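Reviewing the structure listed below.
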Amino acid sequence: MSERPREDPVFLAADALDGLAGDLIAAGTEVVGPARADEPASPAAAAAAAAAAAAGLDKDVLEYRAVSRAADLALGPGMPRLSLKGLYLPQNEALFAWRQRGSDIEIEPAPTGARTRVVLGAKPCDAAALAIVDDVMNWDYADALWNGRREATTVFVLACGVEDDSCFCAAVGLAPDGSRGADGLLTPVEGGWLVEATSEKGAALVAAHAARFGAASAERREQAAAFRRTASERVATHLEIDADSVRDWIATHFDDPLLAALGVRCNGCGACASVCPTCHCFDIVEESDGLGHGTRRRCWDTCQSHKFTLHASGHNPRADQNARFRQRLNHKFAIYPLRFGEVLCTGCGRCARACHAGQDLVEILGAIDVAARRPDTVDVQSPETPARTVGAAAPASER
Amino acid sequence: MKSADDSFEPRITAFVCNWCTYTGADLAGTSRLHMASNVRIIRLPCTGRIDPMFIVKAFERGADGVIVSGCHPADCHYTSGNYHARRRFALFRELAAFLGIDPERMTFSWVSASEGAKWRDVVDDTVARVRALGPFVAYQQLIDLPALTGESYASVAGLLPGGDG
Amino acid sequence: MNELRQLARELLVDEKVDVVIGWEDGRRGARPAFVTAADDAERLIFDTRCVHNLATYLSPRRSHLAELGKVGLVVKGCDAKAVAGLLREAQLPRDRVVLIGVRCGGVLEVPDLPQPAELTSETVAPRCFRCDVREPHLADHLVGEERPDPPRPPMTIDERVAAVDALPVEQRWEFWVGQFSKCVRCYACRQVCPLCVCDRCIADKSLPQWVESASHPRGNLAWNLVRALHLAGRCVNCGECERFCPVGIPLSLVNRKLQQVVKQRFGYVVSDDPEAATPVGDYRLDDAQEFIR
């Protein structure tokens, strides 16, 4: 289900997008969106890019990045490799620098003022993640860096046509045309996009650049509705679960063989966490730059690393990969919902695509849903094949 | 480090073995040989003890060039340490060069305890070569590259000593 | 494939192994399979999508797999080289694993397909070209029919390395710094590598902190450099590190470069013979030293 837009739709023509982006950039606003690789800025960079191309690298990869002109935006099918998370929680950032003079310590905090930014064409799953992570970022401690960037950024999502069958946003209560976490929605129509502001910030942006927008004809409104309807119908077929049943089952079946043995293929590489829009765990390190001075930094971390819960004593409560993978499911689908009332997942499917060891969240969630809602159809598990529980009456295969 | 007329003076870190090169460097000193004063010597028991990470750390911490020096083959105080070092540094040098770290910033040498003059030559040649290459600012500035967000760390890095902040 | 399934079934029924680790069909393509019941041997497949180096599951750090018991491991030649590496370095007792070698004609570069596909010069993994172990020597059993040579890709891995080598040093710097700036220090490269078995990786050591753990480019350069160096003479060129990297860093180029250096300087090529000595920790009195003054 998608949120009801607050404002009447307007139309942004494809050739008006240039003007809009130009206006924003001229006003000192950073414009970010899905884009292909940047044009090399120097001869050395050009040679490096040529070497990369010769080596067959980074073909057609999309990333969210700042663009200097609208033509660089790739507003169409395709999912940026990493999510929007990096704009709000950078993969590594300095928190403060310190210097020790005798017995005095000087602390110089990193600047917290965030640059004004507009994101054009975000995936709805990536924007929804921002709203979901807002909960924990304002729970027992208000994260000023995250909040500052959220306030300074206006996000317009691009209604999604559904990437592939690893997408499952509908299964976690979201939609390919959802505007959760966003300030406006762009829907592709003939000649451009239907634009609907879904927050005051979004409405303010449209109003401030009213000259770039035109009236939305009835025909275009119908095109937009049809696009969104088709996408919603398509993604609903990929996975259907009852998130509450899944939550309750995980919360009460910690030692169940189905849950306890899901990490058998997992390498503990953390690729899933790095591409995930809702994973937000971080590590804090002190880096000394010399005698008596240094910098404290925060960087992305992953619960799939064996060091994540390693105690200084050497004891590790999550001692093997089964325990660590179980934790991933537990946190996203049980602990976070119990604490904040929503699933820590937006169904973008990046984890399933990024995992080259075959850990498939679509399959795993489906298996847990079956266990939760139709336990009588489940056989006693072979720990390595949760997917085979669906309907099968295979003999017990304990080891 | 600046010379009297404010031109660039490279900072060189030298990792040398105790038994040969360190003693050879000492001989250069007691022989009152004139040589460039840009080198900071770190003494180790043997070149076999030198981990390539020492070189990486030296560049990270501001060295513009590095010297690694020890006993000639067959003269190692521990018999075979320098043979292991020879293989290890052959690999490291080629890997570093492939990754774009100019091998001209590194000197590897065998300097025996009696080769004070050779040590002087190694030092002077390295300093001249690295001076011509300029400061290895690119390495230290790696930490300042803009992140995914486009925000630069320079705003905080400038707070570090030697920065603008 | 029936030969493979039959063999797996027999090994399980006769209790020669407790688990057969091979490949099976998943929703997004082939994926590692862990078969403990003889009837489940039907799941095992082998086709051009079976890229994964299953030797990584023998790593001593995977305690939850050690609990499964004695392993029957399905290996391509490149995977067998990794097993040989583990045996050579005493990371694995030989009697803990039964090796089921499969004859291989190459694998896909991008194996995420729901159905197997023929190899073409565009789709084949470049590292397969001129493979010297299409029939693994280190194997207790050998299954599968002979397959034709893998096609030549538009650029072989050596040509890809040469393209980078041909750049002047400043442009190589810019190329690699650009690549390593993407690194998020997930350590996927290390986690999936069958030869990265250290109980305490140098990157995890904080006294002293040899490798800066923050994911800025300076720390990332140190990490990727030290990993490549610690794999010199040991890497089997299975390409898993590059395949798993979530941000697309061309790690196979770095490891391949060091393989070339090891071959050229020390005359050593990694093989699936566990008795062959490793160049790491070895030396010759007449090793080349032209770079030493």
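Residue numbers (the working numbering), protein chains in the order written: chain X, 1 to 399; chain B, 1001 to 1165; chain L, 2001 to 2293.
Here a beta-carbon is modelled for each residue, glycine too, at the ideal position from N, C-alpha and C.
These figures come from a predicted structure and were not determined experimentally.
Interface residue (Cβ-Cβ distance to chain X less than 8 Å): V2247(L) is classified as such. With respect to the C-alpha of P2126(L), the residue from A2139(L), P2114(L) and E2109(L) having the closest C-alpha is E2109(L).
CA-to-CA, the gap between R1120(B) and D2165(L) works out to about 33 Å. Remark: fewer than three beta-carbon pairs, one from each stretch, lie closer than 8 Å, so the stretch 2037-2050 of chain L and the stretch 2058-2068 of chain L are not flagged as touching.
Contact of L1142(B) with chain L by beta-carbon distance below 8 Å involves V2177, H2216, P2217, R2218 and L2221. Nearest C-alpha to N92(X) among W300(X), V206(X), V67(X) and L365(X): W300(X). The residues A170, in chain order, have a CB closer than 6 Å to that of A236(X) in the same chain once the five nearest residues on each side in sequence are set aside. For Q1140(B), the uninterrupted alpha helix (DSSP H) segment begins and ends at V1137 to Q1140.
Between the beta-carbon of L186(X) and that of V157(X) there is about 7 Å, and that keeps the pair under the 8 Å contact cut. The C-alpha of R353(X) lies about 31 Å from the C-alpha of R2009(L). Here Y141(X) is exposed, its C-beta having fewer than 16 other C-beta atoms within 10 Å. In this structure, DSSP gives W249(X) a helical state, which the three-state scheme calls helix.
With the criterion set as a beta carbon lying under 8 Å from some beta carbon of chain B, the members of the stretch 2249-2260 of chain L are V2254, K2257 and L2258, in sequence order.
Secondary structure within the stretch 124-211 of chain X: the alpha helix (DSSP H) runs of 4 or more consecutive residues, fully enclosed, are 124-137, 144-152 and 200-208 (chain order).
Neighbours of R297(X) across chain L, judged by C-beta separation under 8 Å: A2214 and H2216. Residues of the stretch 297-313 of chain X whose Cβ lies closer than 8 Å to any Cβ of chain L, in chain order: R297, C299, W300, T302, S305, H306 and K307. If one requires a minimum length of 4 residues, the alpha helix (DSSP H) runs lying completely within the stretch 2168-2233 of chain L are 2169-2181, 2188-2192 and 2217-2230, in chain order. Going by DSSP, Y2283(L) is part of no alpha helix (DSSP H) at all; its letter is neither H nor E. When rounded, the separation of the alpha-carbon atoms in A1058(B) and G290(X) is 12 Å. Per the coordinates, the alpha-carbon of V2184(L) lies some 24 Å from the alpha-carbon of G1062(B).
Taking a C-beta cut-off of 7 Å against chain L, the contacting residues of the stretch 340-370 of chain X are A352, A354, H356, A357, G358, D360, V362 and E363, listed in chain order. Nearest Cα to E163(X) within the set A371(X), V362(X) and C348(X): C348(X). Residues of the same chain with a CB within less than 6 Å of the CB of V2269(L), apart from the 5 flanking positions on each side, are K2263 in chain order. Put simply, the backbone Cα of G2085(L) is about 21 Å away from that of G2106(L). The CB of E1094(B) comes closer than 7 Å to the CB of V2261 in chain L, given here in chain order.
Taking 8 Å as the cut-off, the Cβ atoms of S274(X) and C2186(L) count as close.
Assignment of N92(X) by DSSP, reduced to helix, strand and coil, places it in the strand class.
Counting only residues of its own chain and dropping the five nearest sequence neighbours on each side, G86(X) has a CB closer than 8 Å to the CB of Y64.
Under the Cβ distance rule, C281(X) does not count among the residues neighbouring chain L, no pair being separated by less than 8 Å. Proximity of V2110(L) to chain X, defined by a Cβ-Cβ separation below 8 Å, is not satisfied. Annotation for E108(X): the continuous beta strand (DSSP E) segment containing it runs D104 to P109. Per the C-alpha coordinates, the member of H293(X), D255(X) and R374(X) positioned closest to R326(X) is D255(X). Judged by DSSP secondary structure, T309(X) falls outside any alpha helix (DSSP H); it is assigned neither H nor E. Rounded to whole angstroms, the separation of the alpha carbons of V1066(B) and V2192(L) is 34 Å.
Here R1040(B) has R1011, I1012, T1013 and A1014 as same chain residues with Cβ atoms under 8 Å from its own Cβ, once five neighbours each way along the sequence are excluded. One finds V2169, E2170, Q2171, R2172, W2173, E2174, F2175, W2176 and V2177 in chain L with Cβ atoms closer than 8 Å to the Cβ of G1100(B), taken in chain order.
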